[in-house]
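What follows is a set of notes on a single structure, which appears directly below.
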Amino acid sequence: MSIPNHVAIIMDGNGRWAAQRGWPRIKGHKEGVRTVEAILEAASDAGVKHLSLYAFSTENWKRPSLEVSTLMALFRMYLRMFLPKLRQKGIRFHHLGALEGLPPGIQRDIRFLEDTTREYEGMVFHLAVNYGSRLEIAEAARRCVEDGLTADKITEDALAARLWTAGVPDVDLLIRTSGEFRISNFLLWQAAYAEFYLTECLWPDFRGPELMEALRAYANRERRFGGI
Ligand code: FPP
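Mapping of the sequence shown onto my numbering: residues 219 to 446, in sequence order.
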């Protein structure tokens with residue numbers, strides 16, 4: 219079976235999963251963290267080389283302040299808890315997003331995970347926190363100017379080399395859970411030729427078997443990259 223090099227996932231539906239049970243939204247997010255751990259293992263075992271998960275967007279700051287602070291508390295509580303799994307599977311951690319816009323404690327956790335796993339040679343786990351694709355592209359353009367590039371040197375390669383994903387292959391498979399059909403400012407540049415897999419399954423219920431189903435669907439797609 220052909221396995222995508224780079225799988226990106228918009229993790230959606232935590233709130234609805236909790237609401238269906240009459241529980242507060244936070245319980246959905248907590249269960250969502252367990253799914254993150256399960257998917258890390260399943261993707262790494264399947265031979266995926268890059269896994270990008272969208273945890274918090276630059277637009278998510280607009281959510282009620284209690285939900286934002288709860289999500290930030292969850293990141294603080296759980297980020298370091300991924301370390302045993304990362305160690306066990308040799309998974310390298312990499313943050314995508316504007317680090318400086320995050321609370322200092324989370325910045326430290328992110329740096330700690332990146333530093334500790336820097337030499338690991340298995341799958342790379344890109345966690346998008348305070349991530350926005352338009353911001354990423356605008357920042358890359360700004361860096362081209364800062365680097366003194368003249369107009370004729372501003373090419374696709376020059377921009378790609380200045381994105382947060384510099385050196386990371388393009389997204390092959392983009393998954394969104396919970397029956398929504400939007401890209402929500404996630405990896406717009408990198409997903410230019412990605413295959414989409416949309417599922418009704420809510421994120422807390424999206425575990426190894428559901429990922430394998432998505433990988434099987436991907437393997438049956440014919441990719442032409444604009445050719446015929
Ligand atoms: C979307 O569900 C989910 C989020 C905005 C947060 C995703 C975060 C996690 C799964 C936690 C990740 C944590 C770590 C430590 C990696 P929603 O709230 O939009 O659900 P709804 O659409 O049903 O309301």
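Heads up, the beta-carbon is just placed ideally off N, CA and C, and yes, glycines get one too.
Legend entry - Through-space distance from F399 to L353, alpha-carbon basis: Your numbering for residue 353 matches position 135 in the sequence shown. Your numbering for residue 399 matches position 181 in the sequence shown. In a straight line, the C-alpha of L353 is about 22 Å away from that of F399.
Legend entry - Neighbour-count burial assignment, M219, 16 or more Cβ in a 10 Å radius: Within the sequence shown, numbered from 1, the residue matching residue 219 stands at position 1. It counts as exposed.
Legend entry - Residue range of the unbroken alpha helix (DSSP H) whose run includes I324: Working through the sequence shown from its first residue, we reach residue 324 at position 106. Boundaries of the alpha helix (DSSP H) harbouring I324: 322-335, taken from the DSSP string.
Legend entry - Distance between R360 and G250 (C-alpha atoms, nearest Å): The residue you call residue 250 lines up with position 32 of the sequence shown. The residue you call residue 360 lines up with position 142 of the sequence shown. Taking the CA atoms as reference points, G250 sits about 35 Å from R360.
Legend entry - Beta bridge counterpart(s) of E413 as assigned by DSSP: On the sequence shown, residue 413 is found 195 positions in, with the first residue counted as 1. BP columns for E413 point to L391.
Inset, instruction - For R310, verify whether its CB is less than 7 Å away from any heavy atom of the ligand FPP. - result: Sequence index remark: in the sequence shown, residue 310 carries index 92 (1-based). A distance criterion of 7 Å places the beta-carbon of R310 beyond contact range of the ligand FPP, judged by its closest non-hydrogen atom.
Inset, instruction - Compare the Cα-Cα distances from A379 to each of H312, G246, D390, D365 and report the closest residue. - result: Against the sequence shown, residue 379 aligns to sequence position 161. Ranking H312, G246, D390, D365 by Cα distance to A379 puts D365 first.
Inset, instruction - Would you tell me roughly how many angstroms separate the C-alpha atoms of T292 and K280, rounded to the nearest one? - result: Residue mapping note: residue 292 aligns to position 74 of the sequence shown, counting from 1. Residue mapping note: residue 280 aligns to position 62 of the sequence shown, counting from 1. The amino acid occupying residue 292 in the given sequence is Leu; Thr does not appear at that position. Note on geometry: alpha-carbon atoms of L292 and K280 lie some 18 Å from one another.
Legend entry - V251 CB to nearest heavy atom of the ligand FPP below 7 Å: Taking the first residue of the sequence shown as position 1, residue 251 is located at position 33. Yes - the ligand FPP has a heavy atom lying nearer than 7 Å to the Cβ of V251.
Legend entry - Beta-carbon proximity list for L392, same chain, < 6 Å, skipping 5 on both sides: As a first step, residue 392 must be located in the sequence shown, where it is residue number 174. For L392, where only same-chain residues beyond five positions count, the Cβ hits under 6 Å are A226, A409, A412, F414.
Inset, instruction - Report the three-state DSSP secondary structure of V342 (helix, strand or coil). - result: As a working note, residue 342 is residue 124 in the sequence shown. Per DSSP, reduced to three states, the secondary structure at V342 is strand.
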